[in-house]
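I have placed the structure first, in the form of structure tokens, so that the comments after it can refer back to it.
What follows is the structure, encoded as structure tokens:
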């Protein structure tokens, strides 16, 4: 029982040394770590409540996806029947109740109509199921119902794109180390450390950003425009930053270029005046269209429209053939930057709504770390002194175990790149307490056995044996509650559970193996006739 | 050096004899706690009811009524104010604006910030949270589910490891601890938020830890003294583990005390809950769960039917001797 072969001693020492080594990077500032050449070692991340920053939970409005799919399908069906030869005559096309339905006027064309629209559906997954069900009702009416699998695939696809767009838009803000992760079926978590005012971020995220370029309708009568009446073929859009002061503008309904044909937009400076400008660039199809339009409309303005709001309506000074243009105007460096982001970040396939938002100021975060560290040090000191007074030599062993415990927990957290949050610090302080409990159990048991008249070696052996069983049971229970917290808890509960779970394993190891090794080597060296405990 | 002993050796306190008094007191406290939760309710944070919370840190201790007046005059809904341990820090809670528009919440936050800055130029807004009703409902559900499943899992564990009486007594004792903690929050009006759910789960974990230690000792003694009267056996086990119980509770309370005094205001409710939970949990290990074992008819002679499970660390067993 009290046998400790050399390899066992060395492996315990090795584990503990590795623990201390891996804990060091998290305990010193990053810059110091880099200077002494251990900047590459993993560190513990600080949660937003400690580092300060913004946390947003976004939920996709998946109903939008269903509607978009329906509209898109309606468009495709119309095109398909028109293109068929002979053209299929359909009527009463409707998109009520989430399904698309239409009549085929000539019963002879029904089969070919079904065949045509069936070709528009796609298989989903491996089961051979398709994304739309096509059925015929009363031999004249064709209905197309989206299947669940099709819907799920569409939502999944939209979420993938949305996550990417969110990532791109946040990267544009130039903040450091943002975290953007999918959560569940229709949610995205965004965490931006250090961000104090998430409004700019939210307004960027909230937009579905449908970008279009349209020609301004110069024939429109300004007084009519102010009343909201547009000439035929045109529409009135809001234009909040209109230099003329009227917040409306008439533009042609037909878009000359779509947002997805724009390949890049960047803030820059004019080569002569050095004034801030926005440089835009189109892909080849967009460049061809833009060249044609600008050639025909020199001197006239075109409007850049984001979500039906005109961002800007610059004049076409000259034909732009190469696909690259520079938009100048009353930009500041900042507004040029915002404009480029708006132009560049493209279209979100689905609207995102902020359903949870938490922002912690850097001061509060720093205060919390400070308070947490002070509390931990005081708690540790109090416990160390108390244990020393109570158990003497065995108290020293217990204290060593607890101190190493702290280092190894930090190391394991760093190794897994775990995030330390405020409740995590609380979990830490609690772990100090429960790690002590294991040692208390052992030491009390040793006291008890000695009181029963056993010699030191027997007392230590029995003390560890009996207490280990209890510690194991108690830790199992702690482990169960930790797992439940990790699986079911949200945010802070999870942060707490992670520290707790790591603490359970580490404290079991240090209490049961490490202190036993120290106790046994003491017994071997000194062979005391009575244990002072 | 003489070593510290919080509990003298070989105590022989008749815990079981006092159990009727203890049951009476426990019943009374439990009823009071339930009444407090029932009538006053919990001061649920925005995590659980939805809404927005702005934390403002003033340079001087603010006049709460003035702050309330300032926010009230904005017509942004019913405001509720709370000061943390640090009287300069005030949390301002408001319902979410009726409009679901993205900008509406921001507008409210900005209005409140602007109004408060106008009257107190040096105020700092250190934190703000907005939680929609949908999310808060999920958080409530997850929180309740986490607590419920943790309790159930642990009770089942005790039942499987020991006798069914251990499972039942543990379950009752934990429900008692939970009610006490909730009663404490109902009476003190401390804000009950997500962090507190972590605290509650920790209380459960700690309390069970305590019960396992005593249950384990009872089991050990049941094997040793088959003929002993169960009341005496429980007394013996509780007395034998008493030094450990006191020692550990004091150590954990020392650690938590440091956290309460120096850990900053964000964790205060959390730490207070945990300290109370440890006292209540220790009490319930001795009185509720151990004494209940006797009431449930646990008897030592039944015990040998069930062999010790080999899963437990170093439970007694016989193996071939290695040479």
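Chains as they are written, first to last, in the numbering used here: chain A, 325 to 857; chain B, 5 to 327.
By construction, the Cβ of each residue, glycine as well, lies at the ideal position given by its N, Cα and C atoms.
Residue 555 of chain A is not a Cβ neighbour of residue 562 of chain A, given a cutoff of 8 Å.
Within the region 670-699 of chain A, those residues whose Cβ lies closer than 7 Å to any Cβ of chain B are, in chain order, 678, 679, 680, 681, 682, 683, 684, 685, 687, 688, 691, 692, 695, 696, 698, 699.
The alpha-carbon of residue 391 of chain A is positioned some 26 Å away from that of residue 380 of chain A. Contact check between the region 143-152 of chain B and the region 191-209 of chain B: three or more CB pairs, one atom from each, fall below 8 Å, which counts as touching. Secondary structure note for residue 59 of chain B: it is in no alpha helix (DSSP H), and the uninterrupted beta strand (DSSP E) holding it is 55-61. Straight through space, the alpha carbons of residue 383 of chain A and residue 127 of chain B are spaced by roughly 33 Å.
Secondary structure of residue 585 of chain A (DSSP, three-state): helix. Boundaries of the beta strand (DSSP E) harbouring residue 635 of chain A: 633-636, taken from the DSSP string. Counting only Cβ-Cβ distances below 7 Å, residue 271 of chain B has contacts in chain A at 746, 750, in chain order. Judged by their CB atoms, residue 540 of chain A and residue 627 of chain A are nearer to each other than the 8 Å cut-off. Scanning chain A for C-beta atoms nearer than 8 Å to the C-beta of residue 110 of chain B yields 523, 526, reported in chain order. Fewer than three pairs of CB atoms, one per stretch, sit closer than 8 Å, so the region 349-369 of chain A makes no contact with the region 334-341 of chain A. The beta strand (DSSP E) runs of length 3 or more contained entirely in the region 598-625 of chain A are, from start to end of the chain, 600-606. Take residue 449 of chain A, set aside five residues on each side of it, and the residues of its chain with a beta-carbon closer than 8 Å to its own are 473, 477, in chain order. Rounded to whole angstroms, the gap between the alpha carbons of residue 111 of chain B and residue 814 of chain A is 28 Å. Under the rule that a run must span 3 or more residues, the beta strand (DSSP E) segments found entirely inside the region 416-473 of chain A read 424-428, 456-461, 465-470. Rounded to whole angstroms, the separation of the alpha carbons of residue 745 of chain A and residue 36 of chain B is 35 Å. The secondary-structure analysis by DSSP pairs residue 94 of chain B across a beta bridge with B:60, B:87.
Within chain B, 7, 8, 9, 10, 251 have C-beta atoms less than 8 Å from the C-beta of residue 714 of chain A, given in sequence order.
For residue 649 of chain A, the enclosing beta strand (DSSP E) covers residues 648-651.
Counting C-beta pairs closer than 8 Å gives fewer than three between the region 773-788 of chain A and the region 730-748 of chain A, which falls short of the contact rule. The three-state reading of DSSP puts residue 682 of chain A in strand, counting E and B together. Residue nearest to residue 233 of chain B within the set B:281, B:290, B:297, B:283 is B:297 (criterion: CA-CA distance). Within the same chain, Cβ atoms closer than 6 Å to the Cβ of residue 264 of chain B are found at 275, the five residues on either side in sequence being excluded. Interface flag for residue 486 of chain A against chain B is unset, since no Cβ pair is found closer than 8 Å. Distances from the CA of residue 249 of chain B to each of A:685, A:761, A:394 were compared; the closest alpha carbon is that of A:761. CA-CA distance, residue 790 of chain A to residue 769 of chain A, rounds to 8 Å. Remark: fewer than three beta-carbon pairs, one from each stretch, lie closer than 8 Å, so the region 716-724 of chain A and the region 814-831 of chain A are not flagged as touching. Across the set A:631, A:617, A:855, the C-alpha of A:855 shows the shortest separation from the C-alpha of residue 715 of chain A.
Considering only beta carbons, the part of the region 194-205 of chain B lying closer than 9 Å to chain A consists of 197, 198, 199, 201, 202, 203, 205, in chain order.
Of the other Cβ atoms in all chains shown, fewer than 16 fall within 10 Å of the Cβ of residue 229 of chain B; this residue is therefore exposed. Annotation: residue 505 of chain A has no Cβ neighbours in chain B at a cutoff of 8 Å; minimum Cβ distance is about 16 Å. Cβ atoms of residue 425 of chain A and residue 466 of chain A come within 8 Å of each other, at about 7 Å.
Residues of the region 274-301 of chain B with a C-beta atom less than 8 Å from some C-beta of chain A are 274, 275, 278, listed in chain order.
Around the beta carbon of residue 577 of chain A, a 10 Å sphere encloses fewer than 16 other beta carbons of the protein chains shown; the residue is thus reported as exposed. A contact between stretches requires three or more CB pairs, one per stretch, nearer than 8 Å, and the region 206-224 of chain B fails this requirement with the region 828-840 of chain A.
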